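Note sheet for the following structure.
In structure tokens form, the structure reads like this:
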């Protein structure tokens, strides 16, 4: 069962803004009953409440339902990941950075119609580097040997397959 984001902050908000029981809040936030009671009894709390409605963790209807029925348990919304972005900067260790041109050369060799934008997203490189390898003007072109980006651990097989499929669809539409 999933826990809400920042459970103590969510519990503080629920304590301040709803008439839910300590047990309902404890069950929802996966905290002990006494922990919730302690949060409620503190005069000055250093924890700032986090609104679970704004975050998409709860709906007002769910809170109202559980307020009227003290035995009901709050249910975390299923679409919690909609508000969260899994975009994050892809870090490549220094030892792996020298492998990027090899992966780019492999992609250009096996999928010459793949867009530069897809290669940029897949490998985490720049369009200038891709163009330099494609035109064979890269400063280290004599040492570049095409190698699969999956084997070099620069991307997953699933993400490679996704971009290959997109490339094939675009090629099919253009003909």
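In the numbering used here, the protein residues as written are 7 to 181.
Positions of the beta carbon are idealized from the N, C-alpha and C atoms, including for glycine.
What you are looking at is a predicted structure, and each value in this text was computed from that prediction instead of being measured.
- Taking a contact to require three or more Cβ pairs closer than 8 Å, the segment 109 to 125 and the segment 47 to 62 do not qualify as touching.
- Counting other Cβ atoms within 10 Å of its Cβ, residue 147 stays below 16 and is therefore classed as exposed.
- Between residue 98 and residue 83, the beta carbon gap of about 35 Å keeps them out of contact (Cβ cut-off 8 Å).
- Assigned with DSSP and collapsed to three states, residue 135 falls in helix.
- Here residue 116 carries a helix assignment [DSSP, helix/strand/coil].
- Taking residue 76 as reference, the option from 27, 113 and 52 with the minimal CA-CA separation is 27.
- At a cut-off of 4 residues, the continuous stretches assigned as alpha helix (DSSP H) that sit fully inside the segment 8 to 69 are 13 to 23, 28 to 35 and 39 to 47.
- Per DSSP, the unbroken alpha helix (DSSP H) holding residue 102 starts and ends at 100 to 103.
- Around the C-beta of residue 15, 16 or more other C-beta atoms lie within 10 Å, and the residue is accordingly described as buried.
- Bounds of the alpha helix (DSSP H) holding residue 123 are 122 to 125.
- For residue 166, the uninterrupted alpha helix (DSSP H) run begins and ends at 163 to 180, by DSSP.
- Taking all protein chains in view, the Cβ of residue 136 is crowded by 16 or more other Cβ atoms within 10 Å, so the residue is classified as buried.
- One alpha carbon belongs to residue 11, the other to residue 54, and they sit about 13 Å apart.
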